[in-house]
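In the numbering used here, the protein residues as written are 271 to 438. Think of the CB as a built atom: it goes at the ideal place given N, C-alpha and C, for glycine as much as any other residue. Computed from a prediction, not measured in an experiment: that's the story for all the values here. Here is the structure we will look at.
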């Protein structure tokens with residue numbers, strides 16, 4: 271899972287020395303010339319190749335396998351919104367966003383995870399949230415709040431002193 275523990279291939283051999291194994295990685299489908307010793311950490315599909323060197327009377331052994339690094343599935347609920355709800359999906363106060371228990375929240379990018387509440391003081395569109403599981407460091411993909419509508423200005427009616435004013 272993205273952000274969690276690095277992939278650790280497990281392998282064994284009855285004939286070759288596994289302590290001298292060379293472990294290589296590439297993006298699945300990429301040319302074999304792109305194999306690298308750098309352990310992948312980004313979301314994607316990968317191929318791992320293990321090369322066991324020649325030992326005594328045994329030739330080198332090579333094995334490959336594939337694996338996927340994916341985003342953590344978001345918990346339910348994904349976030350907690352609080353504020354004074356008005357009508358038709360509007361809030362009449364600033365809105366606070368909190369992470370569920372066991373998670374940290376970062377708004378806008380993956381740089382500032384915190385268990386603190388994030389406050390939205392005015393209407394915003396496409397707010398991007400990211401969650402990180404506190405116990406493992408695993409992270410979700412972006413959770414997009416398409417629209418947070420806030421109108422905290424109370425209406426004011428100014429009645430001219432010379433006219434009558436009627437209303438429901």
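{"query": "Of the residues 428, 408, 276, the one placed nearest residue 383, counting alpha carbons only", "result": "408"}
{"query": "Residue 299 versus residue 376: straight-line alpha-carbon distance, rounded", "result": "33 Å"}
{"query": "Exposed unless 16 or more other CB atoms sit within 10 angstroms - verdict on residue 305", "result": "buried"}
{"query": "Span separating the alpha-carbon of residue 417 from that of residue 322", "result": "55 Å"}
{"query": "Distance between residue 303 and residue 297 (C-alpha atoms, nearest Å)", "result": "11 Å"}
{"query": "C-alpha gap between residue 434 and residue 428, whole angstroms", "result": "11 Å"}
{"query": "Integer Cβ distance of residue 349 from residue 369, believed to fall under 8 Å", "result": "7 Å"}
{"query": "Segment limits, beta strand (DSSP E) that includes residue 336", "result": "331-339"}
{"query": "Secondary structure, beta strand (DSSP E): runs of 3+ residues fully inside the segment 276-308", "result": "292-297"}
{"query": "DSSP beta-bridge partners of residue 394", "result": "418"}
{"query": "Collapsed DSSP secondary structure at residue 327 in the structure displayed", "result": "coil"}
{"query": "C-beta contact flag for residue 399 and residue 389 at 9 Å", "result": "no"}
{"query": "Whole-angstrom C-beta distance between residue 281 and residue 313, which should lie under 8 Å", "result": "The pair is not a contact, with the Cβ atoms about 24 Å apart (cut-off 8 Å)."}
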